[in-house]
Amino acid sequence: MLEITVDMTKCQHYGQCVFEAPNTFRLNDDDKLEYTATAVDGDEELIAAAADVCPMQAITFVRV
Amino acid sequence: MTERILIVGASLAGLRTAEALRRAGATASITVLGDEPHLPYNRPPLSKAILTGADTADTLQFPLRESVADVDWLLGSAAVDLDLDRARVTSADGTEHPFDQLVIATGVRARRVHTVAGRPRQCVIRTRDDVDQLRPQLQPGTRLVIIGNGLIGCETAASSRGLGVEVTVVGRSPLALERLFGRELAEIFAARHRDAGVATITAQVTDIVDLDEAPVQVHLDDGTVLTADVVVEAIGSEPNTDWLHGTGIDLRDGVAVDAGMRALRTDGSVVDDVFAVGDVASAPHPLAHGARRRIEHWNMPAEHAKRAAAVMVAPLAERDARARATVAPVPSMWTDQYQFHLLSYGLPALGDDMRLIESNDAGDRVYGAYRGDDLVGVVGLGMRSAVLARRAEVLHTMTRYGATA
Ligand SMILES: Cc1cc2nc3c(=O)[nH]c(=O)nc-3n(C[C@H](O)[C@H](O)[C@H](O)COP(=O)(O)OP(=O)(O)OC[C@H]3O[C@@H](n4cnc5c(N)ncnc54)[C@H](O)[C@@H]3O)c2cc1C
Ligand code: SF4
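Just so you know, the protein sequences line up as chains A and B, in that order.
Per my numbering, the first sequence starts with residue 6, numbered consecutively.
Per my numbering, the second sequence starts with residue 1220, numbered consecutively.
Structure representation (structure tokens):
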């Protein structure tokens, strides 16, 4: 399983991560980032892609 | 058979290319040559959170994923020459680096008013070392003159005001951001800077006089002389292509490449096995109807890297087809100034009509840049979802213009 953390002091809610992993990241009605803090191992590539495109480099994840 | 891949430039574009090559199945050895002493790090915060002190520079390094664990990083080592016939790059210490495939990822440097070396009070913001030089000089009451009112100049002004610095911005035109954001948003940003106490002057800088033991003097073409404790030059960038002179590669504006990121000669022919990615690469873009342009936006290096890798791993005979099949990226950029967060997709500068698409009571607004009825760019202050939603429309324009450029 993957544990995902977004540093909300860095995140500017630009939503770039949403394009890469829409099942994990989404913008809510107030245009704020919401995310699911866990994902299955099979999604690692998607989560890594989301972390890579984040301009604030706010997304980290670990395999647990 | 490709055995040795050499990437020159150890920043975002170099790192993303190494990753994309491994993802595309490249088994060759990968060496990255970089002149900075640091592993690849994220530049945009340099003029934002690092300058304000909200974050420290040691947080900037990009994570190095497992896929690139075997990459050899030769840091603090500048490429000074490329010999295409012998397929070698020479670095400053005289070492020769032979390659089967070469990736040029040397980005751009800050343009300067004068060629200066080692003047501590004349700063630019491009690298960690630049900010290490500038940051300690920014104290409450410091007189800072920023030359240039583009994105980096404006971000530097906003970040410095937050530190209590006295800021004057000199720009050649009153609204430099108009080209990127349209007139109304540029005016909103300009007003925000005035409210924050930033002095703005429209003039050309003719000289910087920096004698020790006296404040720096910035001379303007209207005769004014500004007194400064420190100066930041933010007057644009120049591609790092000096080491490529004499190779026959088209260097009119960075490195000219085709849709597969393959370097082109001045006669338009492809240089096999030499590629360019990131800020230094001038690639054809569908929004410009296939004309080549350098797009200095953070999302482009990763997209270039994918395109280059797809072509690099293909046999020579299949590369033309691969280059044609790659999909052009939607440019994306953002800026943070004070509590303003602006997000943009496409190339708004190519539009001829900026139309308000949506706004709300909080002052947030989204503009579309149109060429005729085609949406070529979208810019939003706040209202992220609305901006994101229009990205698809920009992509649609690109597809109609010919997505593969
Ligand atoms: C202060 C600042 C703020 C920014 N803010 C934003 C923003 O808000 N939004 C946005 O979209 N973009 C922003 N950008 C732009 C973004 O950072 C760039 O698009 C991105 O860094 C380009 O990556 P690159 O790897 O192509 O080039 P670079 O990051 O410039 O890297 C090139 C590397 O090659 C090295 N090099 C050069 N010559 C040689 C040589 N001869 N031999 C060896 N190495 C060499 C350089 O030192 C450098 O390390 C900003 C840039 C700066 C400087
Ligand atoms: S890409 Fe980064 S900054 Fe943007 S919403 Fe996602 S986590 Fe936040």
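The beta carbon of each residue, even a glycine, is placed where N, CA and C say it ideally should be.
Item	Value
Heavy atom of ligand 1 within 7 Å of THR1554 (chain B) beta-carbon	yes
Endpoints, beta strand (DSSP E) assigned at VAL1451 (chain B)	1449 to 1452
Boundaries (first-last residue) of the beta strand (DSSP E) holding MET1552 (chain B)	1551 to 1556
First and last residue of the uninterrupted alpha helix (DSSP H) at ALA1405 (chain B)	1402 to 1414
Neighbour-count burial assignment, VAL1335 (chain B), 16 or more Cβ in a 10 Å radius	exposed
Spatially closest choice to THR1375 (chain B) from B:THR1485, B:VAL1417, B:LEU1394, B:ARG1241, by CA coordinates	B:VAL1417
Beta-carbon gap between ALA1482 (chain B) and ILE1226 (chain B) smaller than 8 Å	no
Alpha helix (DSSP H) runs contained entirely in the region 1253 to 1305 of chain B, provided each spans 4 or more residues	1268 to 1271
Contact the region 1387 to 1404 of chain B vs the region 1412 to 1428 of chain B: 3+ CB pairs below 8 Å	yes
Close-in-space but distant-in-sequence residues of the same chain around ARG1511 (chain B) (CB under 7 Å, 5 per side omitted)	ALA1475, SER1501, ALA1502, PRO1503
CYS59 (chain A), DSSP secondary structure in three states	coil
Top-ranked residue by Cα proximity to ALA1507 (chain B), from B:ARG1380, B:ALA1568, B:ILE1468	B:ALA1568
Chain B within 8 Å of VAL58 (chain A), Cβ atoms only	yes
Run of the beta strand (DSSP E) containing HIS1316 (chain B), from where it starts to where it stops	1315 to 1317
Whether LEU1470 (chain B) touches THR1460 (chain B) by CB criterion (8 Å)	yes
Proximity test, THR1209 (chain B) beta-carbon vs ligand 1 heavy atom, cut-off 7 Å	Since the displayed chain B opens at 1220 and closes at 1624, residue 1209 (chain B) lies outside it and no answer follows.
Opening and closing residue of the alpha helix (DSSP H) in which MET1602 (chain B) lies	Element bounds for MET1602 (chain B): n/a, residue is neither H nor E.
For ASP1472 (chain B) and PRO1570 (chain B), the rounded distance between their alpha carbons	First, the amino acid is wrong: residue 1570 (chain B) is Gly here, not Pro. Between GLY1570 (chain B) and ASP1472 (chain B), the C-alpha separation is close to 22 Å.
Those residues which DSSP pairs with THR1387 (chain B) across a bridge	B:VAL1364, B:ALA1418
Neighbour-count burial assignment, GLN1320 (chain B), 16 or more Cβ in a 10 Å radius	buried
GLU1515 (chain B): CB within 7 Å of a non-hydrogen atom of ligand 4	With respect to small molecules bound, the structure shown includes ligand 1 and ligand 2 and not ligand 4.
Straight-line Cα distance separating ASP1498 (chain B) from GLU1457 (chain B)	10 Å
Backbone CA spacing between LEU1439 (chain B) and ARG1340 (chain B) [nearest angstrom]	18 Å
Between the CA atoms of GLY47 (chain A) and ARG1402 (chain B) - distance to the nearest angstrom	46 Å
Interface partners of LEU7 (chain A) on chain B, CB under 9 Å	Result: empty, since nearest Cβ-Cβ is about 14 Å, beyond 9 Å.
Coarse secondary structure for PRO1567 (chain B), derived from DSSP in three states	helix
For GLN1320 (chain B), the first and last residue of its enclosing beta strand (DSSP E)	1320 to 1323
Spatial distance of LEU1279 (chain B) from PRO1263 (chain B) (CA atoms)	10 Å
Close beta carbons around LEU1357 (chain B), own chain, < 8 Å, minus the five adjacent residues each side	LEU1270, LEU1363, SER1379, LEU1382, VAL1384, VAL1449
C-beta contact flag for PRO1505 (chain B) and GLY1621 (chain B) at 8 Å	yes
8 Å Cβ cutoff, ALA26 (chain A) in contact with chain B	no
GLY1587 (chain B) burial status per 10 Å Cβ neighbour count (16 or more: buried)	buried
Proximal residues, the region 31 to 62 of chain A versus chain B, C-beta separation under 7 Å	LEU32, ASP36, ALA53, ASP57, VAL58, PRO60, GLN62
Heavy atom of ligand 1 within 7 Å of ILE1427 (chain B) beta-carbon	no
Cβ shell of SER1248 (chain B) (< 6 Å), same chain only, five flanking positions each side left out	ARG1223
The region 1487 to 1494 of chain B contacting the region 1518 to 1536 of chain B, beta-carbon criterion three pairs below 8 Å	yes
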